[in-house]
Amino acid sequence: MKFGTYMFENKKVPGFDFDLFRVKPEVGRRMPPEPDMYSNIAIFGDNVTARNHPDWISQSALGPAWRTNDNFNVRWDILCATQPEHRAEQLDYMEDVARKSPGIWLNSIHFADHGHCICPRCKALHEKSGLSWYEWRRKEITEYMAATSERVRDRAKSQFVIGVLPDPVTNYERFGVNFDDLAPLTDEFLVVMFSKNYATPWYWEMLTRNFKKLFKDVKLNIALYVIGPGDDPRETPTASELLTVSVRMARAGVDGLLYLTDKAYQMVEFQKQMIAQKDARERLKSYGGKAGQEVLDLVTSWEKIVE
Ligand SMILES: [Zn+2]
């Protein structure tokens, strides 16, 4: 197993195998990539571009994909996935970032959600395709990811990781995502499983097993939520929950775990809190043999490097 940081700050934290920097998160802000950190880019979730081009927002019968539309589980503004200028600009941007960092890890690669997008361009493209609605959406996402993979892997010679949302069964109907289409295009998969608590580890373990089955031999990375920008620490997952869910995902076969914080000092704080879980670390030794033990060994290794 590999363990990574996943942060909004461009600062590596000792004790992890790799660091993933949020070069362009869904708020749309862009930061320069770092030569020794992987770069995380959200493509269609992009508040800045949506503000500059409100006519590019994704459309549906239940309204546009503004973050204020409570008909959907949208936390940011989501652009139409066929908008040609945004697509072209993002391809150039991703290739450029790929040349300046060891790899690109993507989020928000897909249609906003079920029923998106019904803008005039999407309607015309669908009609012209002769395909069913779902198959046309799948083709749009797969072809764009193929173009992205060609830019990042083939031209920039960089690592390429596609991120998907934590829905193993209806990703196709909701987002136009077909895992079998994407598997040959990506080096590994990332599934973001953010939650403000992990009090029900049984479900997270089940999702891990589901994705392992669906991704076959392509590696599964899962991102866990520690603390995000502006969070009240009292409303974030406890260290005990994070340790337990990590061990249980490990025994279900996850290949990589990433931990999200806003700043680097919060990642060090998280390491200290994990070290302090003496009882849980002891109890979890019986959970799942070698794989679970890798998580516990990671925490033990932090004892030597975290003050
Ligand atoms: Zn559209």
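Okay, so the sequence shown: first residue is 508 according to our numbering, each after it adds one. Beta carbons are placed, not taken as given, at the ideal position from N, Cα and C, and that holds for glycine. Computed from a predicted model, the values in this text were never measured in an experiment.
Residues near residue i in its chain [Cβ-Cβ closer than 8 Å; skip 5 each side]
| i | result |
| --- | --- |
| Ser753 | Leu731, Leu764 and Val802 |
With 16 other Cβ atoms within 10 Å as the buried cut-off, status of residue i
| i | result |
| --- | --- |
| Ile812 | exposed |
| Tyr772 | exposed |
| His633 | buried |
| Gly683 | buried |
| Ser639 | exposed |
| Pro571 | buried |
| Ala631 | exposed |
| Trp711 | buried |
| Thr797 | Reading off the sequence, residue 797 comes out as Lys, not Thr. So Lys797 ends up on the exposed side. |
Three-way DSSP call (helix, strand, coil) for residue i in this model
| i | result |
| --- | --- |
| Lys726 | strand |
| Ala549 | strand |
| Thr589 | coil |
| Ile625 | coil |
| Trp612 | strand |
| Phe777 | helix |
| Ile648 | helix |
| Thr743 | coil |
| Met713 | helix |
| Ile812 | coil |
Best match in the options for proximity to residue i [C-alpha to C-alpha]
| i | options | result |
| --- | --- | --- |
| Arg788 | Lys797, Asp804 and Val775 | Asp804 |
| Arg574 | Pro591, Pro627 and Asn554 | Asn554 |
| Ala595 | Lys635, Pro571 and Glu650 | Glu650 |
| His621 | Lys607, Ile585, Lys635 and Glu602 | Ile585 |
| Leu613 | Glu695, Lys518 and Lys703 | Glu695 |
| Ser808 | Asp524, Phe515 and Asn517 | Asp524 |
| Gly511 | Tyr705, Lys797, Arg758 and Met774 | Met774 |
| Ile564 | Tyr545, Asn547, Asp543 and His593 | His593 |
| Asp543 | Val520, Pro561 and Lys719 | Val520 |
Any C-beta of chain C under 7 Å from that of residue i
| i | result |
| --- | --- |
| Arg758 | Of the protein chains in this structure there is only one, and it is not chain C. |
Sequence-distant residues of the same chain with beta carbon closer than 7 Å to residue i, five excluded per side
| i | result |
| --- | --- |
| Ala784 | With the sequence shown as reference, residue 784 is identified as Gln, and Ala is not the correct amino acid for it. If we look at Gln784 and ignore the five residues flanking it on each side, its Cβ neighbours are Ala746, Ser747 and Leu750. |
| Glu541 | Asn517, Phe528 and Ser608 |
| Gln778 | Gly522, Trp809 and Val813 |
| Ala549 | Lys531, Pro532, Glu533, Asn614 and Ser615 |
Contacts around residue i, its chain only, beta-carbon distance under 6 Å, and the 5 residues preceding and following it disregarded
| i | result |
| --- | --- |
| Gln566 | Cys624, Ile625 and Cys626 |
| Arg755 | Pro708 and Glu712 |
| Leu692 | Met652, Ala653 and Ser656 |
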